[in-house]
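The structure appears right after this line, and notes come after that.
4 protein chains.
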Amino acid sequence: MTDVIKVAVLGASGRMGSEAVKAVESAEDMELVAALGSGDSLDRTDGAGADVVVDLTVPAASEENVRYAVEHGMHAVVGTTGWDEAKLDRLRGLLEEHPGTGVLIAPNFAIGAVLTGKFAATASKYFESVEVVELHHPNKLDAPSGTAAHTAREIAEARRSVGRGPSPDATESDPQGARGAVVDDVHVHAVRLRGLVAHEEILLGDEGQQLSIRHDSFDRVSFMPGVLLGIRTVGQRPGLTHGLDGYLDLD
Amino acid sequence: MTDVIKVAVLGASGRMGSEAVKAVESAEDMELVAALGSGDSLDRTDGAGADVVVDLTVPAASEENVRYAVEHGMHAVVGTTGWDEAKLDRLRGLLEEHPGTGVLIAPNFAIGAVLTGKFAATASKYFESVEVVELHHPNKLDAPSGTAAHTAREIAEARRSVGRGPSPDATESDPQGARGAVVDDVHVHAVRLRGLVAHEEILLGDEGQQLSIRHDSFDRVSFMPGVLLGIRTVGQRPGLTHGLDGYLDLD
Amino acid sequence: MTDVIKVAVLGASGRMGSEAVKAVESAEDMELVAALGSGDSLDRTDGAGADVVVDLTVPAASEENVRYAVEHGMHAVVGTTGWDEAKLDRLRGLLEEHPGTGVLIAPNFAIGAVLTGKFAATASKYFESVEVVELHHPNKLDAPSGTAAHTAREIAEARRSVGRGPSPDATESDPQGARGAVVDDVHVHAVRLRGLVAHEEILLGDEGQQLSIRHDSFDRVSFMPGVLLGIRTVGQRPGLTHGLDGYLDLD
Amino acid sequence: MTDVIKVAVLGASGRMGSEAVKAVESAEDMELVAALGSGDSLDRTDGAGADVVVDLTVPAASEENVRYAVEHGMHAVVGTTGWDEAKLDRLRGLLEEHPGTGVLIAPNFAIGAVLTGKFAATASKYFESVEVVELHHPNKLDAPSGTAAHTAREIAEARRSVGRGPSPDATESDPQGARGAVVDDVHVHAVRLRGLVAHEEILLGDEGQQLSIRHDSFDRVSFMPGVLLGIRTVGQRPGLTHGLDGYLDLD
């Protein structure tokens, strides 16, 4: 890899992809060598000398795109969803045959959101109570958000690791369900408000103190520092990394 | 009424009552002339020359206490619950016979909580979306809190008065109830955390903006400024006033 | 005025003006009959039959624009700055000669921001302590923001009206100025953060309780409901109204 | 050390000390064997068979207390202030002669506050902007708080470690100092409000996103989980540990 990282973006005309194109073009240590749409041939990536392929396409295409990248000596940074255990296992097998190649698959490129989940899980080991509130625009179809449910599971796992049970709750009467969803023993509340985008707050409480960690995402552009971090790091991390937190220095 | 207001506190050994005793004793413009427990005779109030009787007893005793006060020419400030429409009607009738006497019955003496409800209702006429979050200690038995449900109803009434319907909500999938309770078309969420006391936040959203109003009650002492305001004002407000907001200058 | 309000926008190519053009076009009860840029002749407004002129131009032009509107029988809604007392006095004089005509001059059309200021002033009469925090993007040149300074002055005036002095403060050592600016005896703090737009929070405290009122403005579009409210109301409010709060129902 | 940890509390009649006595008495895995006031002889600690000495006294006494503990084979958990580098160096020398003995000196036992500082420093490496707001009761004499200044320095050090400079700030006009104190290139704001105790919020911003971390301390009891963690851990950590974060599992 030369000093300047040569980058090919797949899914370049999508919402995330078009932001990634702009971000790569603005980064002084990167060069955009290819921007592919859905009909374009994958050989335009290695053909242009790409070091790193950024896959922001659709679940049906992502596995083949990554396979192509790995087999042609390119690292891959992947933001496409749909990577189940079977796909991940096949990818791990492929990477064993290409030991110098790195792949990052990140369900969430917002560094702030990833840090929020990590901090919440760490803190929840030391606090008696913890709940999650997510807030989104009112056009969202599902509740709670995938990010909030993921955070709840990270918290539950961290608490189990130190022998902590569920948060205390003496509620006897809640006829209308004000206490919200319970995901892996953690209460999760979903607020919908016009004007909001995507927000998550974790509330932790103990005798005499409270700790609150909140992430506000106002714009898709908030994912780009994470994408650029992935592009810069993936070449030094052979094998599969699942989750952007693997690239963050949390000490 | 002389310059210094002579005050009798009923229920003086209870949690609210003992705080009220301290607050009256500390107020320079008041004199505590009687502090009655549950077995004490009511004639110790007018016997001591009280101008105002503060009733912080129990639902079973409150109506008789207030009747005694009115019939003996004393104003009354009442924080006891259980005043239903039948009791209120009887009291209104009694006050017509005593046109110079004032009674304040206030379900909530925390000025901040009362202002929060009023502000939220006013603002909700101008915002597309509104939801209520209440947060309490984990020993609370019911959800949502009475205050939050009351706020939701105030909001709903204010919105109906200007022809606003429910807040927009596209949720199609919410299998675990993360969207919380719906009180009079307003979503209400209840959080329980060790270390908290009683807190309420109203979130309002519209295109490009959000308005948040939050009240935190850390201690029972937060009710005392409202009690003192009631004692100072009740003598100038003949008849029945229901709710502390009737004594607040909201302009 | 017919059922549909005919609107002319002055300064239609500016940032606020272009948003206003879109908002008027989207309102079912309005018709955009003229959109003027800086070189356009004012007779295109009454020439097109406008009921209401919206002035979103520059201080040097605004007074003449409003004079033209009033003299030609059109109401005016004005968001341009620079209206000092001399200009306002001349306008009041002119409106006396045109008793059926209304003018609204509003320094801030964000209903949420206006409500925030009003609520803060009202509440500050009942709380011992109050401070203001404003938060903006880091490209802002001045601190504190004009809105925050205005809020501080509204609060100070409200407190004086009930005989309340400054908030208590025992600070003896503050070598680096952490306590922020003091505007009319009210502490004002200015935060600058990448990713923010324009935000204001008023914090009120008393024994055992806190009240927080926060307004977040994420986008210029947040001013449009206020502009539309002005257009709809100005025809029923002859004379000069200064400040959007004059059109809000705060009860 | 047996299954139950035998604990001696020094400074047992002070504010922190009396809370520690209660906390140790309530802990099932501990036994309070001695509670010493200022006049009591130190030999009542090893005389009672203490495993761990908790020093919550005054700067003038703390060094001698800890020396006594180490020389008599007891571990020490120290919350007293005033440990400068000279004292720490002498203690390190002493501990080399007692290689099995552990001492924890913690300026802050509130686990939430310690986590807040750590999280803020970590996150500040990934965000363009960061500022600190601390909020306290109005009787506090100095601003900013020591905790906030410490957090600012931790943040500045973390940012320097990754080559990040100060947060962006275009402010040209700030005649009254609304931008607050600047501690090691980090802006720190101090709010004073009746009803508050001790609170700290770190605000981080980047394009399109914000991360907020807030710690609220309502009561001295919030320090006790940290004291108990120290008592439980100090026996397994020979040598000197400075700062409770050395005992926290931050992964």
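Line by line, the protein sequences give chains C, A, L and E.
First residue of the first sequence: 1, per full-length UniProt numbering; consecutive thereafter.
First residue of the second sequence: 1, per full-length UniProt numbering; consecutive thereafter.
First residue of the third sequence: 1, per full-length UniProt numbering; consecutive thereafter.
First residue of the fourth sequence: 1, per full-length UniProt numbering; consecutive thereafter.
We put the CB at the ideal spot given by N, CA and C, even for glycine.
So is residue 267 of chain A buried or exposed if we call it buried at 16+ other beta carbons inside 10 Å?
Since the first and last residues shown for chain A are 1 and 251, residue 267 of chain A lies out of range.
Taking the beta strand (DSSP E) that aspartate 206 of chain A falls in, what are its first and last residues?
From DSSP, the beta strand (DSSP E) with aspartate 206 of chain A extends over 198 to 206.
Would the beta-carbon of valine 132 of chain C fall within 8 Å of that of alanine 152 of chain C?
Taking 8 Å as the Cβ cut-off, valine 132 of chain C and alanine 152 of chain C qualify as a contacting pair.
By the 10 Å Cβ neighbour count, where 16 or more other Cβ atoms means buried, how is leucine 135 of chain E classified, buried or exposed?
Buried.
Give me the residue from C:Asp55, C:Val4, C:Asp40 with the minimum Cα distance to valine 21 of chain C.
Answer by Cα proximity: C:Asp55.
Quick check on the burial criterion: 16 or more other C-beta atoms within 10 angstroms. Buried or exposed for glutamine 236 of chain C?
Classification of glutamine 236 of chain C: exposed, given that the 10 Å Cβ count is below 16.
Look up glutamate 31 of chain L in the DSSP assignment and give the residues it is bridged to.
Looking at the DSSP assignment, glutamate 31 of chain L forms a beta bridge with L:Lys6.
Please report how far the alpha carbon of threonine 45 of chain E lies from the alpha carbon of alanine 8 of chain E, in whole angstroms.
Answer to the nearest angstrom: the Cα atoms are 6 Å apart.
So histidine 215 of chain L contacts chain E; which residues on that side make the cut at Cβ distance below 9 Å?
Neighbours of histidine 215 of chain L on chain E: none; closest Cβ ~15 Å, over 9 Å.
Just the Cα atoms here: how many angstroms apart are alanine 123 of chain L and alanine 110 of chain A?
Cα to Cα, the separation comes out at about 12 Å.
Residues in its own chain within less than 7 Å of glycine 17 of chain C by CB, not counting five upstream and five downstream?
Excluding residues within five positions, the ones whose Cβ falls inside 7 Å are Val9, Gly11, Leu56.
For a contact defined as C-beta to C-beta under 9 Å, what are the partners of valine 133 of chain A on chain L?
What valine 133 of chain A touches in chain L: nothing, since even the nearest Cβ is about 13 Å away.
Per DSSP, which one or two residues make a beta bridge with glutamate 134 of chain E?
Bridge partners of glutamate 134 of chain E: E:Ala190, E:Glu200.
Pick helix, strand or coil for glutamine 176 of chain E, following the three-state DSSP scheme.
Looking at glutamine 176 of chain E - three-state DSSP - the assignment turns out to be coil, as it is neither helix nor strand.
Tell whether a beta-carbon distance below 8 Å holds between glycine 141 of chain C and glutamate 64 of chain A.
First, the residue type needs correcting, since residue 141 of chain C is leucine and not glycine in the sequence shown. Contact: no.
Can you confirm whether the segment 204 to 211 of chain C touches the segment 219 to 230 of chain A when touching is taken to mean that 3 or more C-beta pairs between the two stretches lie within less than 8 Å?
Taking 8 Å as the limit for Cβ pairs, the verdict is that the segment 204 to 211 of chain C does not touch the segment 219 to 230 of chain A.
Check whether the segment 226 to 245 of chain E touches the segment 93 to 110 of chain E, taking contact to mean three or more Cβ pairs, one atom from each stretch, closer than 8 Å.
Yes: at least three Cβ pairs fall under 8 Å.
Within 7 Å: the Cβ of glycine 165 of chain E and any heavy atom of the ligand SAM?
Absence of the ligand SAM from the depicted structure is noted, as is the absence of any ligand whatsoever, leaving it without description.
From which residue to which residue does the beta strand (DSSP E) around histidine 242 of chain L run?
Unbroken beta strand (DSSP E) run through histidine 242 of chain L: 239 to 242.
Give every residue of the same chain whose Cβ lies closer than 6 Å to the Cβ of histidine 215 of chain A, excluding the five residues on either side of it in the sequence, and list them in chain order.
Only Gly112, Ala113, Thr116, Glu200 meet the Cβ criterion.
Got a sec? Which residues, its chain only, sit under 6 Å from glutamate 31 of chain L by beta carbon, not counting five neighbours each side?
For glutamate 31 of chain L, where only same-chain residues beyond five positions count, the Cβ hits under 6 Å are Val4, Lys6.
For alanine 61 of chain E, which option in E:Gly49, E:His72, E:Leu36 has the closest C-alpha, if you only look at C-alpha atoms?
Among E:Gly49, E:His72, E:Leu36, the Cα nearest to that of alanine 61 of chain E is on E:Leu36.
Could you tell me if proline 144 of chain C is buried or exposed, where buried requires 16 or more neighbouring beta carbons within 10 angstroms of its beta carbon?
The residue is buried, with at least 16 neighbouring Cβ atoms inside 10 Å.
Against serine 167 of chain A, what residues of chain C qualify as contacts under a CB-to-CB distance less than 9 Å, listed in chain order?
Simply Pro138, Arg192, Leu193, Arg194.
Using a beta-carbon distance below 8 Å, is alanine 148 of chain A in contact with chain L?
Cβ-Cβ to chain L under 8 Å: no for alanine 148 of chain A.
What in chain E is Cβ-close to phenylalanine 218 of chain A, meaning under 8 Å?
What phenylalanine 218 of chain A touches in chain E: Gly195, Phe218.
Mind listing, in chain order, the continuous beta strand (DSSP E) runs of no fewer than 3 residues lying wholly within the UniProt domain "Dihydrodipicolinate reductase N-terminal" (5 to 109) of chain A?
Within the UniProt domain "Dihydrodipicolinate reductase N-terminal" (5 to 109) of chain A, the complete beta strand (DSSP E) runs of at least 3 residues are 5 to 10, 30 to 36, 52 to 55, 75 to 78, 102 to 105.
Assuming valine 66 of chain A contacts valine 103 of chain A under a Cβ cut-off of 8 Å, what Cβ separation, rounded to an integer in Å, is found between them?
Yes, they are in contact, since the Cβ atoms of valine 66 of chain A and valine 103 of chain A sit about 6 Å apart, within 8 Å.
Check the Cβ-Cβ distances between proline 107 of chain L and every residue of chain E, and say whether any is below 8 Å.
Closer than 8 Å: no.
Contact defined as beta carbons within less than 8 Å: I believe alanine 178 of chain E pairs with valine 188 of chain L. What is the distance between those atoms, to the nearest angstrom?
Sure, about 5 Å apart at Cβ, within 8 Å.
Threonine 101 of chain C: buried (16+ other C-beta within 10 angstroms of its C-beta) or exposed?
Per the 10 Å Cβ criterion, buried.
How would you label glycine 165 of chain E, buried or exposed, when you count the other beta carbons within 10 angstroms and need 16 or more for buried?
By the 10 Å Cβ count, glycine 165 of chain E comes out exposed.
Does histidine 98 of chain A come within less than 8 Å of chain C when only Cβ atoms are used?
Judged by the 8 Å Cβ criterion, histidine 98 of chain A is not in contact with chain C.
Closer than 7 Å by beta-carbon distance: list the chain A residues that pair up with valine 188 of chain C, in chain order.
Per Cβ cutoff of 7 Å: Ala178.
Please list the terminal residues of the continuous beta strand (DSSP E) segment that includes serine 217 of chain A.
Where serine 217 of chain A is concerned, the enclosing beta strand (DSSP E) stretches over 209 to 217.
How would you label proline 225 of chain A, buried or exposed, when you count the other beta carbons within 10 angstroms and need 16 or more for buried?
Under this definition proline 225 of chain A is a buried residue.
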